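Novice: Pasting a structure below so you can have a look.
Residue numbers (the working numbering): 198 to 395.
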């Protein structure tokens with residue numbers, strides 16, 4: 198992969214929620230394509246699994262758009278991001294969960310065999326460590342709070358995507374093209390970007 202060493206990677210923020218079909222589609226149709234094509238030298242990726250959840254700090258209560266099952270799965274994903282901060286480790290896990298779990302409203306948490314544990318094993322992550330994080334109420338709350346703070350207050354839908362701090366409409370723009378455009382404008386050259394038509 199050809200990369201300009203003196204050009205900083207493009208900062209990409211992606212805010213998702215675990216049981217959102219639009220988040221799943223964006224991961225599959227855009228994020229994984231760009232991530233696999235460009236790598237971390239071109240794209241510095243931050244994924245925040247929180248989305249449209251609402252957090253009440255006084256009662257330590259979180260309400261998710263797609264029910265408690267989504268809040269619970271978000272917590273597993275936040276633990277994976279926390280324990281395995283390298284996107285090369287946690288992004289494939291999140292992608293696997295989107296492909297394994299049914300999207301939509303769910304009031305009950307998923308059994309770990311439905312995808313939570315198999316996806317960890319498939320991506321060489323230690324599920325026992327992820328579950329220990331998830332089951333620790335203090336750590337889990339800290340991670341939920343951190344995810345809430347990392348989700349821009351101005352977001353009004355999910356997935357919410359920002360490139361170098363600027364909102365990207367994922368319906369009318371493609372992540373790979375937009376990251377390449379930002380990288381090239383900064384003076385960077387990358388083989389995957391060179392293959393794209395303007």
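Note that the Cβ used here is the ideal one computed from N, Cα and C, for glycine as well.
Every value quoted in this text rests on a predicted model; they were computed, and no experiment measured them.
When the Cα atoms are used, what is the spatial distance from residue 351 to residue 311?
Specialist: Using only the alpha carbons, I get a separation of about 34 Å.
Novice: Quick check: the region 271-290 against the region 333-350, are at least 3 beta-carbon pairs closer than 8 Å?
Specialist: As far as the Cβ criterion goes, the region 333-350 touches the region 271-290, which means the pair count is three or higher.
Novice: Contact check, residue 247 vs residue 222 under 8 Å by CB: the rounded distance?
Specialist: No, residue 247 and residue 222 are not in contact; Cβ-Cβ is about 18 Å, not under 8 Å.
Novice: Count Cβ pairs between the region 359-369 and the region 247-261 that sit closer than 8 Å; are there 3 or more?
Specialist: The answer is no - the region 247-261 does not touch the region 359-369, with fewer than three Cβ pairs under 8 Å.
Novice: On the three-pair Cβ rule with 8 Å, is the region 366-383 touching the region 310-325?
Specialist: As far as the Cβ criterion goes, the region 366-383 does not touch the region 310-325, which means the pair count is below three.
Novice: Note down the Cα distance separating residue 220 from residue 384, rounded to an integer number of angstroms.
Specialist: For residue 220 and residue 384, the distance between alpha carbons rounds to 31 Å.
Novice: If residue 214 sits next to residue 358, beta carbons under 8 Å apart, how far is it from one beta carbon to the other, in whole angstroms?
Specialist: Not quite, the Cβ-Cβ distance comes to about 14 Å (not below 8 Å), so this is no contact.
Novice: Under 6 Å Cβ to Cβ from residue 242, same chain only, skipping five residues before and after it: list those, please.
Specialist: So the list reads 209 and 284, once near-sequence residues are dropped.
Novice: Rounded to whole angstroms, what's the CA-CA distance from residue 302 to residue 249? Just pull it up for me.
Specialist: Looking at the two C-alpha atoms, the distance is approximately 13 Å.
Novice: Using the Cβ count rule (16 or more neighbours within 10 Å means buried), how would you classify residue 346?
Specialist: With fewer than 16 Cβ atoms within 10 Å of its Cβ, residue 346 is classed as exposed.
Novice: Spell out the partners DSSP gives residue 357 in its beta bridges.
Specialist: Note: residue 357 sits in a beta bridge opposite 212.
Novice: Where in the region 246-302 do unbroken runs of the alpha helix (DSSP H), each at least 4 residues long, occur, reported from the N-terminal end onward?
Specialist: Correct list: 265-280 and 284-297.
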